[in-house]
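Novice: Protein chains in written order, with my numbering: chain A, 1458 to 1758; chain B, 1458 to 1758.
Protein chains: 2
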Amino acid sequence: MIIDGKQIAQTIRGELRDQIAALRAEGKRVPKLAVVMVGHNPASETYVANKLKACAEVGIEAERISYDEYVTEQTLLTEVHRLNNDDSIDGFIVQLPLPEHINELNILSAIDYRKDVDGLTPENIGRTVQGLPSIVSATPRGIRELLARYNIATEGKHVVVIGRSNIVGKPIAMLLMQRPYLSLPGMSAASLGDATVTVCHSKTQDLAAICRTADIIIVAAGSPNLVTASMVKPGATVVDVGINRIDDPSAPRGYRLVGDVDFEHVAPIAGYITPVPGGVGPMTIVSLLQNTIQAYHEYTR
Amino acid sequence: MIIDGKQIAQTIRGELRDQIAALRAEGKRVPKLAVVMVGHNPASETYVANKLKACAEVGIEAERISYDEYVTEQTLLTEVHRLNNDDSIDGFIVQLPLPEHINELNILSAIDYRKDVDGLTPENIGRTVQGLPSIVSATPRGIRELLARYNIATEGKHVVVIGRSNIVGKPIAMLLMQRPYLSLPGMSAASLGDATVTVCHSKTQDLAAICRTADIIIVAAGSPNLVTASMVKPGATVVDVGINRIDDPSAPRGYRLVGDVDFEHVAPIAGYITPVPGGVGPMTIVSLLQNTIQAYHEYTR
Chain A
1458 MIIDGKQIAQ
1468 TIRGELRDQI
1478 AALRAEGKRV
1488 PKLAVVMVGH
1498 NPASETYVAN
1508 KLKACAEVGI
1518 EAERISYDEY
1528 VTEQTLLTEV
1538 HRLNNDDSID
1548 GFIVQLPLPE
1558 HINELNILSA
1568 IDYRKDVDGL
1578 TPENIGRTVQ
1588 GLPSIVSATP
1598 RGIRELLARY
1608 NIATEGKHVV
1618 VIGRSNIVGK
1628 PIAMLLMQRP
1638 YLSLPGMSAA
1648 SLGDATVTVC
1658 HSKTQDLAAI
1668 CRTADIIIVA
1678 AGSPNLVTAS
1688 MVKPGATVVD
1698 VGINRIDDPS
1708 APRGYRLVGD
1718 VDFEHVAPIA
1728 GYITPVPGGV
1738 GPMTIVSLLQ
1748 NTIQAYHEYT
1758 R
Chain B
1458 MIIDGKQIAQ
1468 TIRGELRDQI
1478 AALRAEGKRV
1488 PKLAVVMVGH
1498 NPASETYVAN
1508 KLKACAEVGI
1518 EAERISYDEY
1528 VTEQTLLTEV
1538 HRLNNDDSID
1548 GFIVQLPLPE
1558 HINELNILSA
1568 IDYRKDVDGL
1578 TPENIGRTVQ
1588 GLPSIVSATP
1598 RGIRELLARY
1608 NIATEGKHVV
1618 VIGRSNIVGK
1628 PIAMLLMQRP
1638 YLSLPGMSAA
1648 SLGDATVTVC
1658 HSKTQDLAAI
1668 CRTADIIIVA
1678 AGSPNLVTAS
1688 MVKPGATVVD
1698 VGINRIDDPS
1708 APRGYRLVGD
1718 VDFEHVAPIA
1728 GYITPVPGGV
1738 GPMTIVSLLQ
1748 NTIQAYHEYT
1758 R
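#1: Got a sec: is the Cβ-Cβ distance from C1657(B) to anything in chain A below 8 angstroms?
#2: Using a Cβ-Cβ cutoff of less than 7 angstroms, which residues in the same chain neighbour P1597(A) once the five nearest sequence positions on both sides are dropped?
#3: If we count the other Cβ atoms within 10 Å of its Cβ and call it buried at 16 or more, is H1497(A) buried or exposed?
#4: I want to know whether the region 1674–1685 of chain B touches the region 1701–1720 of chain B - three or more CB-CB distances under 8 angstroms.
#5: Please state if the CB of L1540(A) and the CB of C1512(A) are separated by a distance shorter than 8 angstroms.
#6: Sort out for me which residues DSSP pairs M1494(A) with in a bridge.
#7: Where do the ends of the alpha helix (DSSP H) carrying I1477(A) lie?
#8: Decide yes or no for the touch test of the region 1713–1733 of chain B against the region 1686–1693 of chain B: beta carbon pairs closer than 8 angstroms, at least 3 of them.
#9: Is it buried or exposed for K1614(B), if we count other Cβ within 10 angstroms and need 16 for buried?
#10: Select from the region 1625–1636 of chain A all residues with a C-beta closer than 9 angstroms to any C-beta belonging to chain B, and list them in chain order.
#11: Would you please verify whether the beta carbon of K1660(A) is less than 8 angstroms from any beta carbon of chain B?
#12: For chain A, is any of its Cβ atoms less than 8 angstroms away from the one on I1582(B)?
#13: If you check the beta carbons only, do I1592(B) and I1674(B) fall under 8 angstroms apart?
#14: What's the gap between the Cα of I1465(B) and the Cα of L1649(B)?
#15: Which residues does DSSP list as the beta-bridge partners of K1508(A)?
#16: Return the CA-CA distance between T1535(B) and E1520(B), expressed in angstroms with no decimal places.
#17: Whose Cβ in chain A lies nearer than 9 angstroms to the Cβ of G1613(B)?
#18: With a threshold of 8 angstroms between beta-carbons, can T1653(B) be considered close to chain A, or not?
#19: L1589(B) touches chain A at which residues, Cβ-Cβ below 8 angstroms?
#20: Are the beta-carbon atoms of G1548(B) and V1574(B) separated by less than 8 angstroms?
#21: Just checking: is the beta-carbon of N1541(A) within a distance shorter than 8 angstroms of some beta-carbon in chain B?
#22: Tell me G1548(A)'s beta-bridge partners as DSSP assigns them.
#23: Go to L1442(B), then tell me how far its alpha helix (DSSP H) extends in each direction, as first and last residue.
#24: Suppose contacts are defined by Cβ-Cβ distances below 8 angstroms. Is G1516(B) in contact with R1486(B) by that definition?
#25: State yes or no: is the beta carbon of V1586(B) nearer than 8 angstroms to at least one beta carbon in chain A?
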């Protein structure tokens, strides 16, 4: 069965729109997101525009704060501190990448974890690991939501995560191994957590043999066709986080996007599988919206 | 081969003593630890006394700050903030457990991560996960040190961690799966990190089969004889973090301490194994000393 991320994302946006409408109907303040954009990187401009548009669609207030590419680290830090202390802002993000003269880590570390709706601060990561209420970064939150919406239980299952990045592999591993402690608005009763989790990466020996023991494979390695049919146990769930361009002269732009999974051959044997595009991807902006609403409810309301 | 934690701990204490003596010889300030003790829990009194004694032996200055068991959370928080801002203190710990009327998490979260030499704050955990310089809590740091001192490389090895606690299982899993980024004073060149890591726990199905694929087993489950000989691949390394009392009428106190491993039957087939007592245990106070010196060098010197 193909996991339709686009459809789930649409469904959740509808739910969030209803939630915001209910707040307005009660005469309450609605959540507000600020997006700090430095310079004019074309990809970043597109991402930021999409985020602002998504906010508008569900009724979250959003503000874009723009700086030119020559802004100093100190000026940005001052902006972060201002946003930390601005009661009208529930959450904010600093769109990455930043220009090379600015230390991204210094900027990210300065964000109050209660407003860190990208979930990238060490404090939020640490709270996630410790099983405390925390804001989870976009991709792991989106994966968890997809599993929940399709009632794919993880308790006692063997989850193999391929990739150990700070923004995908490590946090999703933590979330799925620990005792379930979250009940998210709109989430089904599937038990998310309590999985046996193996984290694999470029140094792993005999990846294929490990994958064959997996009930759920989550791959975020950035390597086309890394996961082939012979590595997947029949009926297993396969979540593909990869986004890779490969040449395709027949495509309008001369390339097409593929994930890390040999979708054509894995899909027939997988129990559930996410396509690329249209699987995990559409969930990331939804996660940002959910995180903004979470920050509003938990911290700033 | 039996990993002699007692001997390694003694060796490291000697090294630390030399380091502190060198600082004194150069006319420099020496590191200082503060220990906040609330009430008079007998076990805690013993632990605190041992920590202070260990500091004295290596030349780290140490101060005990005592409160009676009726101290308010607010008073303790004020003390934490004072210590955060006291330039003469390089690190401090609040001895747990605290009386029931005090929220431990509130106290721990208030500790500046740069002085958190127990490595228990979310900020430090998050920094560990993100591969940033961080202070690692006592047991995982001790395990890493034992592996390094015995030149047990982890790169590409399959490490099975049994137990998913915040203070042992999760942090040691993170440390061993990620790219090596630390070069600790006194540590050998063994590559620590880059392992394929599986985290198992009470919900894991077929623990024995998973363990049999492990090159290194780290068990912190609190369950005597959980790891038996049939679960261990010949030549594997077995690190036993468990400390359990079992009845033993022939022992002077009527009980004896055992780990989570059936040591008698596993030792003959393991490549390396830590005994209980005398394995991981003696390393925990050493880790505290090392963390205090690390905080001194990285943050407060």
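For glycine and all other residues, C-beta sits at the position ideal for the given N, C-alpha and C.
Specialist: According to the structure shown:
#1: yes
#2: V1625, P1628, I1629 and L1632
#3: exposed
#4: Touching, per the Cβ criterion.
#5: Not a contact, by the Cβ cut-off of 8 angstroms.
#6: M1494(A) is bridged by DSSP to S1523(A).
#7: G1462 to A1482
#8: yes
#9: buried
#10: Flagged, chain order: G1626, K1627, P1628, A1630, M1631, M1634, Q1635 and R1636.
#11: yes
#12: True, the Cβ-Cβ gap to chain A drops below 8 angstroms.
#13: no
#14: 17 angstroms
#15: Answer by DSSP bridge pairing: none, since K1508(A) is not bridged.
#16: 17 angstroms
#17: Here the neighbours are K1660, T1661 and Q1662.
#18: So yes, T1653(B) belongs to the interface.
#19: L1562 and P1579
#20: yes
#21: no
#22: L1490(A)
#23: The question about residue 1442(B) has no answer here: the residues shown for chain B are numbered 1458 through 1758.
#24: no
#25: yes
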